[in-house]
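Here's the structure we're looking at; comments come further down.
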Amino acid sequence: MIRKIRQNHNYRITIEEISQEESKTLQFEFQDREDMFKVVEMINKGSELPKQEATRLAVALRLLGPVMMQNRKHPLFADFMPHFKTFMQNLKSTIKATVKA
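Using my numbering, you'd call the opening residue of the sequence shown number 37 and step up by one each time.
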């Protein structure tokens with residue numbers, strides 16, 4: 037059996053404040069095992085949220101989820117982790133059902 041080796045995707049996030057005369061910028065890079073563009077596409081198709089909100093949700097989940105998983109025993113995430121897991125399971129089943137239909 038040939039196993040597909042999963043490669044990390046490398047991303048750069050840039051946030052620019054556009055409402056101020058003197059704009060601020062925040063930028064960071066990270067790796068993710070998921071294809072962020074595919075995740076955004078699937079949540080846009082399957083969530084029934086407006087496109088901009090679905091995109092924000094997808095990016096937020098891919099930024100938060102791996103941090104929580106790496107630090108799942110940290111007290112900061114202890115109360116939230118079970119709810120996040122339930123939310124993700126519900127989101128995935130909703131998207132699968134909507135995209136298949």
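Built from N, CA and C at the ideal position, the CB exists for glycine as well.
Item, Value
"Around the C-beta of residue 124, are 16 or more other C-beta atoms found within 10 angstroms, so that it is buried, or is it exposed?", "exposed"
"How would you label residue 98, buried or exposed, when you count the other beta carbons within 10 angstroms and need 16 or more for buried?", "buried"
"Any idea what DSSP makes of residue 108, helix, strand or coil?", "coil"
"I'd like to know if the region 67-81 and the region 128-137 are in contact, where contact means that at least 3 CB-CB pairs between them fall below 8 Å.", "yes"
"Between residue 105 and the rest of its own chain, which residues show a CB-CB distance below 6 Å, the 5 nearest in sequence each way excluded?", "none"
"Could you name the residues of the same chain whose beta carbon sits closer than 6 Å to that of residue 91, not counting the 5 residues immediately before and after it, in chain order?", "76"
"How long is the line joining the alpha carbons of residue 61 and residue 48, rounded to whole angstroms?", "13 Å"
"When burial is assigned at 16 or more other CB atoms within 10 Å of the CB, is residue 94 buried or exposed?", "buried"
"Rounding to the nearest angstrom, what Cα-Cα distance links residue 50 and residue 63 in this structure?", "4 Å"
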